[in-house]
Structures are given as structure tokens and as C-alpha cells.
Amino acid sequence: MREKLRQIPSMSSVLSDTRISELMTGFSTEAVTALIRQQLSQIRSTIDSKSEIPTVLEISNQVSDHIERNWSNWPRNVINATGVVIHTNLGRAPLSTESMEAAIDSSKTYSDLELELDSGKRGSRQARISQLLSSLTGAEAGFVVNNNAAALMLGLSALALGKEVIVSRSEAVEIGGGFRIPDILKQSGVTLAEVGTTNRTYVRDYESELNEETGAILSIHASNFKIIGFTAAPSISDLSNLGARGEIPVLHDVGSGSLLDTTKYGLAPEPRPQESIAAGADLCFFSGDKLLGGPQAGIIIGRKIYIEKLSNHPLARAFRIDKMNLAALTATLIHYLKEEAQNKIPVWQMISAGLDDLRKRAHNVSTKIPKSDLYSLEVIGTKSTIGGGSLPGETMDSFGIQLKVNNPEQFALKIRTGSSPIVPRIEDDTVIFDLRTVLQNDDETLIASIAHSLKN
Ligand SMILES: *Cc1c(COP(=O)(O)O)cnc(C)c1O
């Protein structure tokens with residue numbers, strides 16, 4: 002064993018390899034040396050009497066592979082051919098050109114982020130976005146933070162710390178990876194007071210739970226699941242009337258924050274923030290990067306007195322939105338004010354894409370891929386979904402390419418890890434590329450990637 006350990010190449014022998022010295026010219030000598038040291042110590046710790054000792058060349062290859070894979074810009078762009086419009090694993094909503102440019106602009110130089118140019122005094126990064134949100138939704142004011150989970154924690158902590166928050170049993174749920182309503186309440190320092198049953202909850206259930214300890218009533222949109230059949234839940238306006246009587250704030254987490262009417266696109270209704278405000282919710286919470294189609298953000302709209310409380314809370318600072326997201330969000334909201342959201346915001350472009358257009362694109366893709374006996378390729382009607390915890394069970398007719406190959410999983414792996422990664426979905430042992438979620442400009446890249454992966 003001792004002999005074996007002695008055979009492991011030395012640091013200096015690896016350092017003198019030409020590939021390593023080439024790497025040293027592009028990267029920090031210290032960092033490359035540390036990586037080699039790590040690699041050598043791993044070899045030392047895993048070696049046993051039977052293992053082969055790697056050569057200097059093998060070690061330097063491992064090191065340069067590691068550097069090539071990891072020491073480059075990330076995340077990598079991928080083409081989403083899954084048909085899931087808001088795919089959390091793929092970064093949720095792609096931004097409009099205007100939003101992306103606003104984010105770049107805001108970051109490459111100084112800005113008046115927190116300075117009032119006319120008075121020269123300190124300003125608030127929230128003032129403008131608050132006004133835009135008011136104009137769009139009819140709310141008195143708005144406030145934005147890092148994401149909706151943070152928004153909810155801030156709202157609960159600022160308005161109901163140490164008190165009880167009434168939630169329907171049907172809504173004390175897990176919404177997405179690691180987002181459980183009971184846990185969020187606990188972490189916000191409030192006590193969960195569950196009322197009603199899993200399928201039916203009435204206003205009188207909330208009413209009988211009200212007491213001096215009540216800090217808020219919270220209603221959460223069941224965004225990623227559906228209870229069907231014998232169900233009942235009070236409307237936001239019923240809850241608002243109840244809250245108003247006892248001066249208890251009614252908080253409404255609508256999740257996706259669709260400002261547009263999803264029923265116009267043949268989908269089930271999603272609660273809209275402006276409707277929540279009109280129904281009397283004191284605060285309404287939603288994400289920036291789901292159906293709003295903007296950057297990651299948590300948006301809070303509602304009554305000025307409550308928004309002010311939130312903005313003065315220490316967590317507001319901890320959850321502060323950064324300037325790039327703020328700039329991108331502002332540009333996204335302006336699309337809605339200009340009534341151009343459907344044509345400019347990628348998620349709405351995808352949702353509103355016409356079937357004829359999708360069929361044409363699918364045909365174009367399929368005719369440009371060479372035919373072979375080893376696989377078959379066909380244009381098929383398929384179903385896209387919204388995803389991102391929005392409109393569960395709802396599908397949209399779409400068109401795509403169905404590829405039948407010997408080993409679909411292996412093909413999917415290959416095309417995911419190629420030089421222009423494509424993420425398809427596997428269905429019935431075939432590989433499906435749904436055109437609805439492929440950005441129009443990406444069709445040629447999709448064609449080239451499929452053709453290339455089939456060839457090799
Ligand atoms: C997605 C979602 C959240 C979490 O929002 P993030 O922006 O991902 O933090 C909270 N509540 C509801 C109802 C949601 O759908």
C-alpha cells in the first residue's frame with residue numbers, strides 16, 4: 002500500500018505537464034494548483050491495493066476537463082422542447098427583449114436607483130414600481146422583493162408577528178420544492194390557525210376562529226393541485242368583509258400573478274391580482290417570473306398603510322430586490338401598460354401561439370432533418386402545459402416532432418449534453434419536441450442539434 006501511494010504522480014510532475022502549463026496562462030496559478038492538489042488527495046484517499054495508479058497525463062486530463070466544464074459562464078442556455086411553458090428547472094419565464102436590455106442597461110453603469118435627481122436627496126428604489134403597480138392593478142401601493150416566498154414571509158412577519166394567522170385546511174399545503182405554507186408561517190413568527198376541512202371551508206369557520214390573538218387571514222391559491230367534487234371555499238370578497246369588521250388584514254397569495262385573462266386563451270381562470278384588489282384583499286402577493294413573464298421577484302400590492310409597514314420592516318432589507326431584476330420587472334410591467342404583453346412577453350407569445358403556426362414550424366423542422374432507417378420522425382399533435390405551479394391539469398393543444406429511436410433515454414441524454422443543449426420530453430417510449438416552448442429564433446438550432454445527435 003505504501004508502495005502504491007508512492008507511485009502516485011507528484012504535484013511537481015503534474016505541474017510540469019504541458020496542458021497544465023497552458024491552463025496556467027488562462028487561469029489563476031493558485032487556483033489550478035489547488036485543483037490539482039484536490040485531485041491528488043482524492044486519488045490518495047480512494048486508492049486500494051488493487052487500483053490502477055493514474056498517470057500524469059490522466060490526471061492533467063481530469064483537471065483540464067474539470068476546468069472546461071466548470072470554470073465557464075453558467076447557467077448555459079438550453080432550448081426548452083418540453084412543452085412546459087413555465088419550467089422551474091429551466092429558469093421559469095424567459096424575458097422579453099426590452100426587459101433583458103433594461104437589466105443589462107441598469108447593470109453596466111451607475112443609475113439613480115436610490116437618488117432623486119431633481120432634489121439630490123436619497124430616493125427609494127420602490128417608488129416607481131409602486132406607482133406602476135398601482136396604475137396596473139388599482140391597488141393603493143406596491144412593493145417588490147426577491148421572490149414570492151420572501152414576500153409572504155415579509156407580509157406575515159410585518160403584520161402578524163406573534164399572532165395567529167387563519168388559513169383554510171385546504172390551503173395549508175406544499176406548493177413547490179421546499180415551499181410549505183405551515184413552515185413559512187412558522188418561520189415568519191406567526192401561529193397557524195387552521196380552519197375548515199380539506200375540501201370544504203366556509204366564512205363561518207374563519208369567523209368562529211377570530212379572537213384577540215388573530216393577526217391576519219391568509220388565503221393561498223392552490224396553484225399546483227386541484228380539489229374537485231364536493232368543495233367549498235369563501236370568496237376573497239367574503240373574507241375581506243369579515244376582515245374589515247374586525248380590522249384584520251386579509252392577505253391573498255395568488256401565486257402566478259396573471260395580469261391577463263387566461264380564459265381568453267382557452268385555459269381555466271387564474272386569479273388575477275387586480276381582481277383580488279377589487280374584491281377587497283388588503284394585500285395580494287405574486288411572483289414575477291411565472292405568468293407575469295418577468296424576472297424573479299415577489300410582488301406585493303394593496304393598502305398603503307400595510308405596504309408602509311412592510312417597507313419599514315428589517316426583513317424588507319434582507320429580501321431586497323436587486324437593480325437588474327427591478328429594471329427587468331419595470332420593463333415587463335410597461336408591456337402591460339402598453340397593452341403589448343401578448344406580443345412582447347415570451348410566456349404570453351407561447352401561450353397565444355396559433356396552432357397553424359406551430360404546425361408549420363413542426364413541418365419545417367421535420368423536413369429539414371435527414372431521413373434514415375435507424376429512426377423515424379413524425380409531426381404530431383401534442384399537449385403543452387403551463388407548469389410553474391400554474392393551472393394544474395390544464396393543457397393546450399400543440400404541435401411537435403415525435404422521434405422514435407432505439408433508446409429514447411439515451412438520445413435525450415445526448416441531446417441535453419450536446420453543444421446546444423435541447424431538453425425534450427419522453428412519452429410512450431418516444432422523444433417529443435414540442436414547438437410551443439421553443440423560441441421562434443431557435444428553430445434552426447433545434448434542427449441542427451437533432452440532426453447532429455442522430456448522425457453520431
Ligand atoms: C410559486 C408560488 C409561491 C412561491 O413563489 P416564488 O416566487 O417561487 O418564491 C408562493 N405561493 C404560491 C401560491 C405559488 O404558486
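Sequential numbering from 2 applies to the sequence shown in the working numbering. Virtual Cβ for every residue (Gly too), placed ideally from N, Cα, C.
- In the DSSP annotation of this structure, residue 19 is not part of any beta strand (DSSP E); the continuous alpha helix (DSSP H) holding it starts and ends at 19–27.
- For residue 336 and residue 78, the gap between their C-alpha atoms comes out near 24 angstroms.
- Between residue 196 and the set 210, 185, 183 and 190, the nearest pair of CA atoms involves 210.
- Here the alpha carbons of residue 66 and residue 37 stand approximately 12 angstroms from one another.
- In the three-state reduction of the DSSP assignment, residue 442 falls in the helix class, which pools H, G and I.
- Runs of the alpha helix (DSSP H) lying entirely within the stretch 131–177, each at least 4 residues long, are 149–161 in chain order.
- Under the three-state reduction of DSSP output, residue 88 falls in the coil class, being neither helix nor strand.
- With a beta-carbon spacing of about 6 angstroms, residue 439 and residue 82 fall inside the 8 angstroms limit used to define contacts.
- Across the set 400, 162 and 180, the C-alpha of 162 shows the shortest separation from the C-alpha of residue 189.
- Secondary structure at residue 379: strand, using DSSP grouped into helix, strand and coil.
- The alpha-carbon separation between residue 346 and residue 353 amounts to approximately 11 angstroms.
- Of 267, 145 and 363, the smallest CA-CA separation from residue 397 is found for 267.
- Selection 154, 284, 240 and 85 evaluated against residue 138 yields 284 as nearest (Cα-Cα).
- Counting only runs of at least 4 residues, the stretch 208–269 fully encloses the following alpha helix (DSSP H) elements, listed from N- to C-terminal order: 237–247.
- 9 angstroms or more divides the Cβ of residue 278 from the Cβ of residue 300.
- Of the heavy atoms belonging to ligand 1, at least one sits nearer than 8 angstroms to the Cβ of residue 222.
- The DSSP-derived three-state label of residue 407 is coil.
- With a threshold of 8 angstroms, the Cβ atom of residue 148 counts as near ligand 1, since some heavy atom of the ligand is closer than that.
- Residue 373 counts as exposed, since fewer than 16 other C-beta atoms from the protein chains shown sit within 10 angstroms of its C-beta.
- Contact between the stretch 308–322 and the stretch 52–67 is absent, with fewer than three C-beta pairs closer than 8 angstroms.
- For residue 195, the enclosing beta strand (DSSP E) starts and ends at 192–196.
- Our two residues, residue 254 and residue 297, have alpha carbons roughly 16 angstroms apart in a direct line.
- Under the three-state reduction of DSSP output, residue 79 falls in the coil class, being neither helix nor strand.
- Shown here, residue 2 sits in coil according to DSSP, grouped into three states, outside any helix or strand.
- Residue state for residue 412 is assigned as helix, using DSSP reduced to three classes.
- Using a 10 angstroms sphere on the CB of residue 291, the tally of other CB atoms reaches 16 or more, which defines it as buried.
- Put simply, the stretch 236–247 does not touch the stretch 406–425. Fewer than three CB pairs are less than 8 angstroms apart.
- By the C-beta density criterion, residue 45 is exposed, having fewer than 16 other C-beta atoms within 10 angstroms.
- In this structure, residue 383 lies near residue 433, with their beta-carbon atoms less than 9 angstroms apart.
- If you check the C-beta of residue 168 against ligand 1, you find no heavy atom less than 8 angstroms away.
- Residue 72 and residue 191 have their C-alpha atoms spaced approximately 43 angstroms apart.
- Annotation: residue 64 to residue 105 spans about 33 angstroms, alpha carbon to alpha carbon.
- In this structure, residue 218 sits near residue 240, with a CB-CB distance shorter than 9 angstroms.
- DSSP, reduced to helix, strand and coil, places residue 395 within a strand of the structure shown.
- Leaving aside the five residues that flank residue 206 on each side, the residues in its chain whose CB is nearer than 6 angstroms to its CB run, in chain order, 196 and 197.
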